[in-house]
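For the sequence shown, the positions run 1129 to 1201 when the working numbering is used.
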Amino acid sequence: MSTVQGVEPGIYEHFKGNRYEVVGVARHSETEEWFVYYRQLYGDYAFWVRPLDLFTEHVERDGYSGPRFRRVA
């Protein structure tokens, strides 16, 4: 699977501490916008999608400054 903007399958950690498994990156069939398809590694292990730009964005909140998600495995 190819990498899009540095996102590839694996385990990522959200800046608030929870971990997620990225399954892959996909493109919307009509808008061609990129999305990240992932599942939470806690609770009900639900699957989610998030626009790639939001997944990879830099956040500054409550004294934290860095990526929203970072790959850990």
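No residue lacks a Cβ here, since even glycine has one placed at the ideal position from N, Cα and C.
DSSP on residue i, reduced to helix/strand/coil?
| i | result |
| --- | --- |
| Phe-1163 | strand |
| Phe-1197 | strand |
| Phe-1183 | helix |
| Phe-1143 | coil |
| Gly-1171 | coil |
Given this structure, state the Cα-to-Cα distance separating residue i from residue j, to the nearest angstrom.
| i | j | result |
| --- | --- | --- |
| Glu-1158 | Gly-1134 | 23 Å |
| Pro-1137 | Thr-1131 | 8 Å |
| Gly-1145 | Asp-1172 | 17 Å |
| Phe-1183 | Tyr-1170 | 18 Å |
Compare the beta carbon distance of residue i and residue j with 9 Å and say whether it is the shorter of the two.
| i | j | result |
| --- | --- | --- |
| Glu-1185 | Tyr-1166 | no |
Count the other C-beta atoms from every protein chain shown that fall within 10 angstroms of the C-beta of residue i, then say buried if there are 16 or more, exposed otherwise.
| i | result |
| --- | --- |
| Leu-1180 | buried |
| Phe-1197 | buried |
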